[in-house]
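Following: one structure in C-alpha cells, then a few remarks.
Protein chains in written order, with this note's numbering: chain E, 501 to 1269; chain U, 225 to 407.
See the structure below:
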C-alpha cells in the first residue's frame, strides 16, 4: 500500500487541542474520490470515515505527531506513516488498493451515484480471477447479484431477482442496447475490457432513465492515464473444461507538451473454446469463438478534454442441440431422460444451432471543467448490434440451404446524446443536471419474431446532494418521454403503429455515519420501463423454448416504487454489510401460460401470453468478513429474494433461490514483493421451492453445494511483473442443475474446471526525463 | 497541438465511416419469410384392388406455427377390410405457385424417417419405400380390418447421420395426430 501526501497551507497554531485535520482521499490510479474509507490514528481516538465524496474531518486534535494506523476500507493494514500536526490543515491523500481488499460502497467512474444506494464492486481478487469468464460469472461475486444462464456460454446478470429490461448496463457510460429482452441474450461486452466494474443495487432511474428498476451495472475500461512511456499488458487464460483459451493484449501511451496531454490505447481479445462436459457426458455443440477489438484516445488541453472510444465485439456460439427442441413430444422426452438423448464428443467446430452476434460501439465524450466545482460533459454514442440465430435445420431446398442464411436476423442501431452539468457549492451541496436523448431503429429478416421499429426518447433530470455533519440527504427528479413507431405488414399493407410512454420519477435518500465504524443508508425511489418490443409484438414459435409467445399491443408501462435500507459496519478486524429492500411493481409484465395449446404442423405447443400484474420483490443481501489475523480471512455472502404476484396471489417464476457462500482465504506477502493468496469458497444454493404447482414443465432442481479453490501469485522475474492464478471450480466434480439455467431441463451443469491465468504488465518504453 | 487535432479529427472520421451499417429500410419490413415453411401435409389413399374411391386427408396451416390456427385438419375416413397404398406429400402453400417439399425430402431420404403409430383402429401400417438401407415412409401400405374409430399419429423425424430405422432418434419436424374412422 502506498500513500502520498500533498501538503497545502499551514498557519501558526496555539497550544490548545482544537486542531482539525481534514482532507480528501483519492484513488491513486484515477484521481477519483474514495468514499467510506477509514482513517485512524494510533494516538488518541482520532479517526473518521470519508463521506461519499471522499472528504473527512477529524476535530479536537492536539498538536503533535500522529501515526496512521488504519487507512482503508477493510482490514486496515498498519502503515508506518506519520504526520506532524502543528496547525489545522487539509491534505489530499492518495491510496492504492491492495489486491486483497474488498472495494465497497465506491462511486462509479462518474462523479455521483446516490450514496444512499448500495454500490459495490467485485473483489479486486475476484475481478482478476473473473477475467476470461463471462461477465455474468464475474458479477455473481456480489451479494444480491446472480445470473440467468443459457448453458455455460451465455450468462446475463440478475439483480435482486430481476434482469433483462429491468437492469441498465452501461458500456463505457453508454446504455447498452442489444435486444436485451431475450433471456438468452447476454451483454455483448468484452470481459477483458471491463477493468472497472461497479453495480448499483437499487433503482437508478434518475440518472439513467427507463429500465433501471433493479439496478445499474457499469462496465468500463481502465481510465487512460497521461503517464508517459509505452506500456502494455498481456493476459491469457486457459480452462480445462471445454479446452478453451483466450488471449488479450493492450498497448497504451501518452504524450504531453506544455498544457496539452494526449493518451491512447489499443486493445484486442481472442477466445476459443470447445465442447464442455458435465461429470458424465459431453454437452453437444457447445463450442464458441470470440474476437474483440477496441481503441481509445484522450486529449486534454487546459480545461477542455475530449475522449474517443471505439469497440467491436463479435461472437459465435454453439447452442446445445438437445435444448433446441422443435416439438413438444421431443421436449417431454428430453425432460424425462436423466441424460440428453444425443451426447456429443469433443470438438471446436460450431455447428447449428448457433448464434452470431456483433456489437459495435463508438463514443465521443467532450468535457469542459470550469473549475474544480463545475464540469460540463457531452457524451455521444453510436451502437450497432446484430443478432443472428441459426436453426438446427437447413432449408429443404438445396439452393436456399446453400445461402446459409440465419433463421432470425435482428439489426439494432442506437444513437444517444447526453449533456451533463455537475456542480458543487463548497463541500456541502453538490448536484447534477442532465438531458439525455436516444434514437433507435430495429430491422429484421428471416423468420418473424419482433417487428421493425423506430424509437425516440428524451429525459431530463436533476440530482442534488446536501451534507451536514455526518449526514447526507439526496434528492432526485427526472422526466422521461418515449415515442415508438412500429412497422408491421398486416392485412396486405405496411401498418404504422404508434406508441407513446412518459413518466416522472423521484428519489429520496439519506445516509448517516456514526463515529467511524457505522454507516446507515436509506433510500426511497421510483423507476419505470416501457414494455419491450417482444412483449408488445412477438408472435411465433420461440425457437428452442418449444413455446408460442404472443405479445400484447396495449401493454402499459411498468412502474416501480422501492424502499431500500442498508448498514455498513467496519472495524479493525470485522466488516459487515446488510441491505434490505422492498420493491412494488405495478404493471409487472411476465409470460403467463394460457390453457389452450395451439395446433401446428409440428404438433401442439403451449401458448404463453404477456400479462401485466402487480408484483412485489423483497430481499436481503448480506456480507460478513472477519480477519482472524493478518493472514486469514473468513467471509460469508448471502442473498435471499422473495418475489410474489400480488394480483394473482402466486409466486413469480424464474426467481433465484437462496444462496449462501462462505469462504476462507489466506494471504501473505513474501520477501522481494511477492504476494500469494489462497482461497476456498463453498457456494450453497437451496432449491427453489417457492413455485406454484403446474407452473413449470419440470420441478426445480434440488439444491446443491460446490467447492471452488483459487490461488493467486504475484511476483517479479528479472524486472518483469507476473501475476499467475490457478482456479479449480467444482473441485468435487459434482453433478448438479441450477434453477437459473434454462438448460436445466436438458442437461447437468459443467463438471470440474481447472483454469490458469497469466497477467503480464509490460513496460515497453520508459519515460525519458 | 495542430498535429494532435488532425489525428483526433482523422480518428473521428474513420470512426464514423468505418462503422457497420444497417442497410435495410425500417419503414419497409419484409413480407415473405425467406425461411421455408411446410404449410401442408397431404396423405392420399388408393385401394390396391381398385374398388374403393381414393381418399385424401389434408392438414393446412398457411402462416406456419403461431399466427392463425390451421384452416384444415381432415379426419381420415377409410373403408373396412381394404388394403390401401398411401402416399404422402409435403407442400409450402404460403407461396404461389405452391412449392413441393416432397422431392427435397426424397433427395435427403437418408436423413428422414416417417413414422406411424395407430391407436384404437384395426390397421397394420408398413412403409414400402427405401433410401437404400432404411425405409422412408413417403409410401406405405395400410391393411385395414373391421370397423373401428381411433387415431393415427404420423410424424417426420429428421435424423442427419444418425438414422438407424428407429423412430426415437432425431428431431421431430412434423407431428400430426389424425382422427381415423374405418367405416
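Beta carbons are placed, not taken as given, at the ideal position from N, Cα and C, and that holds for glycine.
Quantities reported herein were computed from a predicted structural model and do not represent experimental measurements.
Within 10 Å of its beta-carbon, does residue 699 of chain E have 16 or more other beta-carbons around it, so buried, or fewer, so exposed? So residue 699 of chain E counts as buried.
Quick one: what does DSSP say residue 1078 of chain E is sitting in, helix, strand or coil? It is a strand residue.
Rounded to a whole number of angstroms, what is the C-alpha to C-alpha distance between residue 999 of chain E and residue 252 of chain U? Their backbone Cα atoms lie some 18 Å apart in a straight line.
State yes or no: is the beta carbon of residue 1074 of chain E nearer than 8 Å to at least one beta carbon in chain U? It does not: the Cβ of residue 1074 of chain E has no partner Cβ on chain U nearer than 8 Å.
Quick one: is residue 946 of chain E buried, meaning 16 or more other Cβ sit within 10 Å of its Cβ, or exposed? If you draw a 10 Å sphere on the C-beta of residue 946 of chain E, you find 16 or more other C-beta atoms in it, and that means buried.
Which same chain residues, not among the five before or five after residue 600 of chain E, have their C-beta less than 6 Å away from its C-beta? Confidence at residue 600 of chain E is low in this model, with a pLDDT of 29, below 50, so its placement is unreliable and no value can be given for it.
Out of curiosity, what's the CA-to-CA distance linking residue 407 of chain U and residue 326 of chain U? Cα to Cα, the separation comes out at about 30 Å.
Between residue 248 of chain U and chain E, is there a C-beta pair that is closer than 8 Å? It does; some Cβ of chain E falls within 8 Å.
For residue 992 of chain E, count neighbouring C-beta atoms within 10 Å of its own C-beta (all shown protein chains included) and say buried if the count is 16 or more, exposed if not. So residue 992 of chain E counts as exposed.
From residue 351 of chain U to residue 847 of chain E, what distance separates their C-alpha atoms? Rounded to the nearest whole angstrom, the CA to CA distance from residue 351 of chain U to residue 847 of chain E is 37 Å.
Please confirm if the region 1020 to 1027 of chain E is in contact with the region 1061 to 1069 of chain E, defined as three or more CB-CB distances below 8 Å between the two stretches. With the rule of 3 Cβ pairs closer than 8 Å, the region 1020 to 1027 of chain E counts as touching the region 1061 to 1069 of chain E.
CB-CB length for residue 962 of chain E against residue 931 of chain E, believed under 8 Å: Correct: roughly 7 Å between the Cβ atoms.
Can you tell which of E:764, E:743 and E:697 has its C-alpha closest to the C-alpha of residue 730 of chain E? Nearest C-alpha to residue 730 of chain E: E:764.
Chain-ordered residues of the region 1092 to 1117 of chain E with a beta carbon less than 7 Å from chain U: Legend: CB atoms of the region 1092 to 1117 of chain E lying less than 7 Å from CB atoms of chain U belong to residues 1098, 1099, 1100, 1101, 1102, 1103 and 1105.
With contact counted as at least three CB pairs below 8 Å, one residue from each stretch, are the region 289 to 296 of chain U and the region 304 to 324 of chain U in contact? Segment contact: the region 289 to 296 of chain U against the region 304 to 324 of chain U, fewer than three CB-CB distances shorter than 8 Å; contact not assigned.
Does residue 893 of chain E come within less than 8 Å of chain U when only Cβ atoms are used? Taking Cβ atoms only, chain U reaches closer than 8 Å to residue 893 of chain E, which makes this a yes.
Let me make sure I understand the geometry here. Which of E:1195, E:1224 and E:1238 has the alpha-carbon closest to that of residue 1203 of chain E? Comparing Cα positions, the closest option is E:1238.
Minimum Cβ-Cβ distance from residue 361 of chain U to chain E less than 8 Å: With 8 Å as the cut-off, residue 361 of chain U does not count as an interface residue toward chain E.
In whole angstroms, what separates the C-alpha of residue 922 of chain E from that of residue 553 of chain E? The alpha-carbon atoms of residue 922 of chain E and residue 553 of chain E are separated by roughly 13 Å.
Are residue 338 of chain U and residue 312 of chain U touching if we call contact CB-CB under 8 Å? For residue 338 of chain U and residue 312 of chain U, yes; Cβs fall inside 8 Å.
Reducing DSSP to helix, strand and coil, say where residue 829 of chain E ends up. Reduced to three states, the DSSP call for residue 829 of chain E is helix.
With 9 Å as the limit, tell me which residues of the region 951 to 964 of chain E have their beta carbon closer than that to any beta carbon of chain U; keep them in chain order. If the cut-off is 9 Å between Cβ atoms, the region 951 to 964 of chain E has 951, 952, 953 and 954 near chain U.
Neighbour flag for residue 243 of chain U against chain E, beta carbons, 8 Å: Nearest CB-CB separation between residue 243 of chain U and chain E: below the 8 Å threshold.
Take the Cβ of residue 815 of chain E as the centre, count every other Cβ of all protein chains shown within 10 Å, and call the residue buried at 16 or more, exposed below. Here residue 815 of chain E is buried, its C-beta having at least 16 other C-beta atoms within 10 Å.
Buried or exposed for residue 1109 of chain E, going by 16 or more other Cβ atoms inside 10 Å? Exposed.
Cβ-Cβ distance between residue 1102 of chain E and residue 398 of chain U below 8 Å: Residue 1102 of chain E is a Cβ neighbour of residue 398 of chain U, given a cutoff of 8 Å.
Only counting the same chain, and skipping five residues up and downstream in sequence, which positions put a Cβ closer than 6 Å to that of residue 653 of chain E? Setting aside the 5 residues that flank it on each side, residue 653 of chain E is surrounded in the same chain by 788 and 817, each with a C-beta closer than 6 Å to its C-beta; the list follows chain order.
Where the alpha helix (DSSP H) through residue 638 of chain E begins and ends: Counting along the chain, the alpha helix (DSSP H) containing residue 638 of chain E begins and ends at 635 to 639.
Suppose only complete runs of 3+ residues qualify. What are the beta strand (DSSP E) ranges in the region 318 to 373 of chain U, listed by chain order? With a minimum length of 3 residues, the unbroken runs of beta strand (DSSP E) contained wholly in the region 318 to 373 of chain U fall at 336 to 343, 347 to 351 and 363 to 368.
Taking the continuous alpha helix (DSSP H) assigned at residue 671 of chain E, which residues delimit it? First-last for residue 671 of chain E: 667 to 671, but that is the beta strand (DSSP E), not the alpha helix (DSSP H).
Segment limits, alpha helix (DSSP H) that includes residue 1037 of chain E: Start and end: 1033 to 1037.
Near residue 1030 of chain E, what residues of its chain come up, given a Cβ to Cβ distance below 7 Å and the 5 sequence neighbours on each side ignored? Short of 7 Å from the beta carbon of residue 1030 of chain E, and not among the five residues preceding or following it, lie these beta carbons of its own chain, in chain order: 710, 982, 1001 and 1057.
Considering only the beta carbon of each residue, do residue 908 of chain E and residue 1038 of chain E sit closer than 8 Å? Their beta carbons are not under 8 Å apart, which means residue 908 of chain E does not touch residue 1038 of chain E by this criterion.
Taking the alpha helix (DSSP H) that residue 705 of chain E belongs to, which residues open and close that run? For residue 705 of chain E, the enclosing alpha helix (DSSP H) has its first and last residue at 705 to 708.
When the distance is taken between beta carbons, is residue 912 of chain E closer than 8 Å to residue 684 of chain E? Result no, Cβ atoms of residue 684 of chain E and residue 912 of chain E do not sit closer than 8 Å.
I want to know whether the region 1183 to 1191 of chain E touches the region 1220 to 1235 of chain E - three or more CB-CB distances under 8 Å. Cβ pair count under 8 Å is below three, so no.
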